[in-house]
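*Asks:*
Numbering (our numbering), first residue to last: 2 to 114.
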C-alpha cells in the first residue's frame, strides 16, 4: 500500500501551492483504503499480477471517491471527516468545492491515460 499511497499523492500533485497543501492534508488523513485493496485483489485474481495499470485504476477510483466525500461535506455542512476537520471546515466551502472538482478532474484525466 505504500507504493499506492505514493502514486496516489503523485496523481493529485498540482503546480498550485494551496492545492498541494490541501491534497497533502487529505492523503495524511486517509481511511481504510478498501477500494484500492479490492482493485489490487481483483487484479491478482484475474491476471496474477499488479502492474502500473492496476495502480492507475486504484488511483482513479480513490480520486473520484475522495472528490465525492469533499463535495458531500459541503452539501451536508459537515465540519468533520474521519475524526479530523473537513476541507470545508478549514478552507471554507468555495475552496472545498473547487478541490472536489479538481480531484474529480484528475481522476477522469488519469482514467484516459
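For glycine and all other residues, C-beta sits at the position ideal for the given N, C-alpha and C.
As the structure is a prediction and not an experimental result, all values here were calculated from the model.
#1: Look at residue 70 and residue 107 and say whether their C-beta atoms are less than 7 Å apart.
#2: Can you tell me whether residue 32 is buried or exposed, with buried defined as 16 or more other CB within 10 angstroms of its CB?
#3: Since residue 22 is in the alpha helix (DSSP H), which residue starts that stretch and which ends it?
#4: Cα separation between residue 87 and residue 81?
#5: Would residue 8 and residue 60 qualify as a contact pair, given that the criterion is a beta-carbon distance under 7 Å?
#6: With a 10 Å radius around its C-beta and 16 neighbouring C-beta atoms as the bar for buried, classify residue 12 as buried or exposed.
#7: Give me, in chain order, the residues of the same chain whose beta-carbon lies closer than 8 Å to that of residue 36; leave out the 5 immediate sequence neighbours on both sides.
#8: State the Cα-Cα distance for the pair residue 29 and residue 77, rounded to the nearest angstrom.
*Replies:* Taking the coordinates as given:
#1: For residue 70 and residue 107, no; Cβs fall outside 7 Å.
#2: Flag for residue 32 reads exposed.
#3: Element bounds for residue 22: 18–28.
#4: A direct Cα-Cα distance of roughly 5 Å separates residue 87 from residue 81.
#5: Yes. Within cutoff.
#6: A buried status is given to residue 12, since no fewer than 16 other beta-carbon atoms sit within 10 Å of its beta-carbon.
#7: These residues qualify, in order along the chain: 59, 62, 63 and 66.
#8: Answer to the nearest angstrom: the Cα atoms are 23 Å apart.
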